[in-house]
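Everything on this sheet refers to the single structure shown next.
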Amino acid sequence: MSTNKPVVVYGVSGYTGRLVCEYLRELNVPFIAAGRDKTRVQEVIDKVPGIENVQHDVVEVEHEVGALTELFTGAKVVSNMVGPFIKHGPEVVEASLAAGCHYVDTTGEQDWVLDAKSRWGDTFAEKGLLLSPGVAQMYTTGEIAANICLESPGLDTLDILVLWKGFPTYASTQTIFTILKADWFYLEQNEYKQWEPGTTFEVVIPGQHETGLALPWGGTCHPVWFKDDPRVANCKAAGGVFDRTVMEGVVATQKLVEEQIKTLPLDQQEAALAEVASSVQAGMPPRENPRVNTSLDSVYASGPLGRAHCVIHGNQNYKQTGLLQAYAAYSLLQQPPKRAGFASACQAFGHRELLGTLRSFGLVMEPILTVHK
Ligand SMILES: NC(=O)c1ccc[n+]([C@@H]2O[C@H](COP(=O)([O-])OP(=O)(O)OC[C@H]3O[C@@H](n4cnc5c(N)ncnc54)[C@H](OP(=O)(O)O)[C@@H]3O)[C@@H](O)[C@H]2O)c1
Numbered sequence: 131m132s133t134n135k136p137v138v139v140y141g142v143s144g145y146t147g148r149l150v151c152e153y154l155r156e157l158n159v160p161f162i163a164a165g166r167d168k169t170r171v172q173e174v175i176d177k178v179p180g181i182e183n184v185q186h187d188v189v190e191v192e193h194e195v196g197a198l199t200e201l202f203t204g205a206k207v208v209s210n211m212v213g214p215f216i217k218h219g220p221e222v223v224e225a226s227l228a229a230g231c232h233y234v235d236t237t238g239e240q241d242w243v244l245d246a247k248s249r250w251g252d253t254f255a256e257k258g259l260l261l262s263p264g265v266a267q268m269y270t271t272g273e274i275a276a277n278i279c280l281e282s283p284g285l286d287t288l289d290i291l292v293l294w295k296g297f298p299t300y301a302s303t304q305t306i307f308t309i310l311k312a313d314w315f316y317l318e319q320n321e322y323k324q325w326e327p328g329t330t331f332e333v334v335i336p337g338q339h340e341t342g343l344a345l346p347w348g349g350t351c352h353p354v355w356f357k358d359d360p361r362v363a364n365c366k367a368a369g370g371v372f373d374r375t376v377m378e379g380v381v382a383t384q385k386l387v388e389e390q391i392k393t394l395p396l397d398q399q400e401a402a403l404a405e406v407a408s409s410v411q412a413g414m415p416p417r418e419n420p421r422v423n424t425s426l427d428s429v430y431a432s433g434p435l436g437r438a439h440c441v442i443h444g445n446q447n448y449k450q451t452g453l454l455q456a457y458a459a460y461s462l463l464q465q466p467p468k469r470a471g472f473a474s475a476c477q478a479f480g481h482r483e484l485l486g487t488l489r490s491f492g493l494v495m496e497p498i499l500t501v502h503k
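Numbering of the sequence shown is given in the working numbering, commencing with residue 131 and proceeding in unit increments.
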């Protein structure tokens, strides 16, 4: 089967896939809603108000390169929500490449971003296709803040914080636990350096008096995105949720992983982690509420003779993610990415354009920027 719809959203039965479809509807982009179970995908699509106003098909597909390639053939963009991506991503990237599609996903997994870049970056570039894992609130909104700081030349060091308030979905929880088994890196003088396991940060949270507890959160995508950026030599990122008690639980789990799971044979580690993750989160979280589900991205950029600080207060990080994915597809249907091959959202679409999109849908405030030179 070859499709006449330009965008395939894969993993629509999940929390984020549905939101991507909602924003594609608002941007008036026809799409295929795909997943491994047609009934579940259809149930989700049927709940989207006004979905009848946008052309769309609902398709069941097996998670296998051949079947996915067949589904993607004829489309231009694949928007993938089936994570953890280190586990489920390779088949979807291979199929996107075989079908000649741009590939975007919502990962926050540094190990997947590194893997995707090294395995497929050059081939996507040769074909003029975009390979952009990580078009999502974690960490595109912070990347926007970093790029606003970097509009002042002469700053080479990024100190990044991302926090959000809410309930992780099933796949997000699986992902949080999956990254515990990876090595995590930051950037120092353009080289990757590994975080010590167990590293935590007591962070000052802009806009409140209480401090917070944050972690390197798998290293985040930032060190990889800024690795070959001539403006940036050093990049460290910390992240987590606002709720300190939840973060203390994550720290305790991380200790358990170091002591009891990383000591298991490799082939048993994944199943053991998935089991712990499932015991933490099994159901679908409630739909986000802007009064509850806030986000904060804060970036200090510094250089020998200059400093900048950018804070972006936002809300509903899953909605931000859905919109960023939909906008990426909308943009790619109209013009080539600013950079082909492996590229971050800001490198592919421009940070000011992405900020404008999030602003126009009421998901982030105007950034608060202070610059000293
Ligand atoms: N970085 C960010 O800011 C950010 C934001 C949002 C999401 N994410 C990431 O995006 C991913 C999806 O999140 P979500 O919130 O949508 O999670 P979710 O609600 O749990 O949905 C996961 C989706 O993946 C599908 N799936 C799972 N295993 C599969 C398999 N083996 N084969 C085919 N399909 C499979 C599920 O299908 P079934 O319904 O059939 O099980 C479902 O459609 C996660 O990795 C999450 O961490 C990141």
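Glycine residues also receive a C-beta, built at the ideal position from the N, C-alpha and C atoms.
### Query
Where does PHE491 sit, in a helix, a strand or coil, going by DSSP?
coil
### Test item: CB-CB of TRP325 and GLY349 under 8 Å
yes
### Task
Could you tell me the distance, in whole angstroms, from the CA atom of GLU256 to the CA atom of HIS339?
Rounded to the nearest whole angstrom, the CA to CA distance from GLU256 to HIS339 is 50 Å.
#### Entry: First and last residue of the uninterrupted beta strand (DSSP E) at GLY147
Here GLY147 belongs to no beta strand (DSSP E); instead the alpha helix (DSSP H) covers 145–156.
### Task
Alpha carbon to alpha carbon, how far is ALA431 from LEU288? Give it in angstroms, no decimals.
5 Å
### Query
DSSP state of ARG437, grouped into three classes?
strand
### Query
Does the region 463–473 come within contact of the region 274–289, defined as at least 3 CB pairs closer than 8 Å?
no
### Query
Which residues does DSSP pair with TRP294 in a beta bridge?
VAL371 and SER425
### Message
Give me the residue from GLN304, ALA163, VAL381 and PHE315 with the minimum Cα distance to GLU405.
### Response
GLN304
### Query
Using a Cβ-Cβ cut-off of 8 Å (strictly less than) and excluding sequence neighbours within five positions of LEU484, which residues of its own chain qualify?
Once the five neighbours on either side are set aside, the close Cβ partners of LEU484 are THR270, ILE274, LEU454, TYR457, ALA475 and CYS476.
### Message
With a threshold of 7 Å (Cβ to nearest heavy atom), would ASP167 be considered close to ligand 1?
### Response
Yes, Cβ of ASP167 sits closer than 7 Å to a heavy atom of ligand 1.
### Query
Any heavy atom of ligand 1 closer than 7 Å to the Cβ of ARG417?
no
### Message
Using DSSP's beta-bridge definition, name the partner residues of ASN419.
### Response
Residue pairing of ASN419 in beta bridges, as defined by DSSP: absent, with no partner found.
### Query
Beta carbon of GLY144: closer than 7 Å to some heavy atom of ligand 1?
yes
### Any non-hydrogen atom of ligand 1 within 7 Å of SER248 CB
Not so, every heavy atom of ligand 1 lies at least 7 Å from the Cβ.
### Message
Assuming contact is defined by CB atoms lying nearer than 8 Å, are VAL243 and PRO220 in contact in what I supplied?
### Response
One thing to note: VAL243 has its Cβ no nearer than 8 Å to the Cβ of PRO220.
#### Entry: Neighbourhood of VAL184 by C-beta, 8 Å cutoff - its chain only, sequence neighbours within 5 removed
Cβ neighbours of VAL184 within its own chain (closer than 8 Å, five residues either side excluded): LEU154, ARG155, ASN158, VAL159, PRO160 and PHE161.
### Message
Considering only their Cβ atoms, is the gap separating ASP427 from LEU272 smaller than 8 Å?
### Response
For the sequence presented, residue 272 should be read as Gly rather than Leu. Yes; because the gap between Cβ atoms is below 8 Å, this pair is in contact.
### Query
Is it the case that the Cβ atoms of LEU227 and TRP250 are separated by a distance below 8 Å?
A distance below 8 Å separates the beta carbons of LEU227 and TRP250.
### Message
Excluding the 5 residues flanking LEU463 on each side, which residues of the same chain have their C-beta closer than 8 Å to its C-beta?
### Response
PRO136, VAL137, VAL159, LYS206 and VAL207
### Query
Does DSSP put GLN446 in a helix, a strand or coil?
Of the three classes helix, strand and coil, the one that applies to GLN446 here is coil, per DSSP.
### Task
Verify whether the separation of the beta carbon atoms of GLY214 and THR308 is less than 8 Å.
First, the amino acid is wrong: residue 214 is Pro here, not Gly. In this structure, THR308 lies closer than 8 Å to PRO214 by Cβ.
### Message
Considering just the uninterrupted stretch of the beta strand (DSSP E) at SER262, what are its terminal residues?
### Response
260–263
### Task
Whole angstroms is fine: what's the gap from LYS366's alpha carbon to PRO434's?
17 Å
### Message
Rounded to the nearest angstrom, what separates PHE254 and PHE472 at their Cα positions?
### Response
Looking at the two C-alpha atoms, the distance is approximately 7 Å.
### Task
State the DSSP-derived secondary structure class of ASN320, mapped to helix, strand or coil.
Here ASN320 sits in coil by DSSP.
### Beta-bridge pairing of ILE162 - partner residues as DSSP gives them
VAL138 and ASP187
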